[in-house]
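Colleague: Position 219 (the sequence shown) corresponds to 244 in this note's numbering; numbering is contiguous.
Built from N, CA and C at the ideal position, the CB exists for glycine as well.
No experiment lies behind these values; they were computed from the predicted model shown.
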Amino acid sequence: MRYAVIADIHSNLEAFTAVLEDIGQRGGVDGVWCLGDVVGYGPDPHQCIELLRQCSHVCVAGNHDWAAIGKVDTAEFNPDAATAAHWTTRQLSTADKKYLENLPLTIEKDDFTLVHGSPREPIWEYVISTSLAQVNFDFFQSPYCLVGHSHVPLVFKDEGGDCSFNRLSPSVGLVLGENRLIINPGGVGQPRDGDPHASYAIYDSEARSFRLHRVAYDITTTQDKMMQNGLPIRLVVRLSHGM
Ligand code: ZN
Numbered sequence: 026m027r028y029a030v031i032a033d034i035h036s037n038l039e040a041f042t043a044v045l046e047d048i049g050q051r052g053g054v055d056g057v058w059c060l061g062d063v064v065g066y067g068p069d070p071h072q073c074i075e076l077l078r079q080c081s082h083v084c085v086a087g088n089h090d091w092a093a094i095g096k097v098d099t100a101e102f103n104p105d106a107a108t109a110a111h112w113t114t115r116q117l118s119t120a121d122k123k124y125l126e127n128l129p130l131t132i133e134k135d136d137f138t139l140v141h142g143s144p145r146e147p148i149w150e151y152v153i154s155t156s157l158a159q160v161n162f163d164f165f166q167s168p169y170c171l172v173g174h175s176h177v178p179l180v181f182k183d184e185g186g187d188c189s190f191n192r193l194s195p196s197v198g199l200v201l202g203e204n205r206l207i208i209n210p211g212g213v214g215q216p217r218d219g220d221p222h223a224s225y226a227i228y229d230s231e232a233r234s235f236r237l238h239r240v241a242y243d244i245t246t247t248q249d250k251m252m253q254n255g256l257p258i259r260l261v262v263r264l265s266h267g268m
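Below, the structure is given as structure tokens:
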């Protein structure tokens, strides 16, 4: 079986559509595993939820998904994120809100635990250092854990008391072996690793492989829509830089 692993769509319909097209061109998948933050920041929250729901998929809740339905206080957000969250709330249908309301914090699939932030703190914690990853290996049972939230494609490897990390890139396929891993497929709708291309991965359960893909999309159209809707300029500009 093959699964697409996507995270942090962030209401970016152009990026999400380009990723789904890329998946199709690679022969398709048996399902989509989404690591949360379907909404927030971008201009098409309703459309992104609808498109995701058309896929055979599972999805966990992210902090922006909860902010959009008032499940977390936007006082925890920076001002731009809070502005976008309040705007997002006004764009959602009743069905959208119900969908976000029902997203679980954690999902177990195959050999993987899926969360948005970290297995220890699924909504808020960023796994961005080996010391944080090390602690988090004790908070899930499966061999591997998939996280989003930082929008940076990374893999942390548990080496029996030690923890190492590597950037993930399309040129390096990851073979799933004995070592436990925490893997981040990067962000679809707001990449933050200096590369503006949408980021996602495909997991092949037979080949035991996990490979990152980067996809060009029509950034200008997304940015134009953000400007038309009065979303914060800093959120618009950062899409050009992937930061
Ligand atoms: Zn996010």
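Whose C-alpha, out of ASP220, THR131, ILE207, ALA43, is nearest the C-alpha of ALA158?
Modeller: The residue with the shortest Cα to Cα distance from ALA158 is ILE207.
Colleague: So the candidates are THR138, ASN161, PRO104; which of them puts its Cα closest to the Cα of ASP187?
Modeller: Taking only the C-alpha atoms, the option nearest ASP187 is ASN161.
Colleague: Going by the beta-carbon positions, is the gap between LEU128 and ASP90 smaller than 9 Å?
Modeller: It is a contact, given that the beta carbons lie within the stated cut-off.
Colleague: What residue range is occupied by the uninterrupted beta strand (DSSP E) comprising LYS134?
Modeller: Unbroken beta strand (DSSP E) run through LYS134: 132-134.
Colleague: List, from N- to C-terminal side, the alpha helix (DSSP H) runs of 4 residues or more that fit wholly inside the stretch 68-131.
Modeller: Fully enclosed alpha helix (DSSP H) runs of 4 or longer: 70-79, 88-93, 104-116, 119-126.
Colleague: Could you give the distance in angstroms between the alpha-carbon of THR108 and the alpha-carbon of PRO257?
Modeller: Whole-angstrom Cα-Cα distance: 7 Å.
Colleague: Taking only three categories from DSSP, how would you classify VAL172?
Modeller: Reduced to three states, the DSSP call for VAL172 is coil.
Colleague: Between the Cα of ASN88 and the Cα atoms of VAL172, TYR225, LEU193, PRO178, which residue gives the shortest distance?
Modeller: ASN88 has its Cα closest to that of VAL172, out of VAL172, TYR225, LEU193, PRO178.
Colleague: Give me whichever residues DSSP pairs with ILE258 in a beta bridge.
Modeller: Bridge partners of ILE258: none, in fact.
Colleague: Who does HIS238 pair with in a DSSP beta bridge?
Modeller: Answer is TYR225, bridged to HIS238.
Colleague: Taking the C-alpha atoms as reference points, what is the distance between GLY49 and PRO144?
Modeller: So the two alpha carbons sit approximately 30 Å from each other.
Colleague: Give every residue of the same chain whose Cβ lies closer than 7 Å to the Cβ of SER118, excluding the five residues on either side of it in the sequence, and list them in chain order.
Modeller: These residues qualify, in order along the chain: HIS71.
Colleague: Using a Cβ-Cβ cut-off of 7 Å (strictly less than) and excluding sequence neighbours within five positions of VAL54, which residues of its own chain qualify?
Modeller: Closer than 7 Å at the Cβ level, and outside the excluded window around VAL54, lie ARG27, TYR28, ALA29, ILE48, ILE227.
Colleague: Give a single yes or no on whether ASN88 has its beta carbon closer than 8 Å to a heavy atom of the ligand ZN.
Modeller: The answer is yes for ASN88.
Colleague: Can you give the beta carbon distance from HIS141 to ILE148, rounded, assuming they're within the 8 Å contact cut?
Modeller: With 8 Å as the limit, HIS141 and ILE148 qualify as a contact, their Cβ atoms being about 6 Å apart.
Colleague: Return the Cβ separation of VAL83 and LYS134 in integer angstroms, given the expectation that the two are a contact with Cβ distance under 8 Å.
Modeller: Correct: roughly 7 Å between the Cβ atoms.
Colleague: For SER265, which residues from the same chain have a beta carbon less than 8 Å from its beta carbon, with the 5 sequence-adjacent residues on both sides left out?
Modeller: The answer, listed in chain order, is PRO221, ILE244, GLN248.
Colleague: May I have the straight-line CA-CA distance separating LEU77 from GLY185, to the nearest angstrom?
Modeller: Computed Cα separation, rounded: 37 Å.
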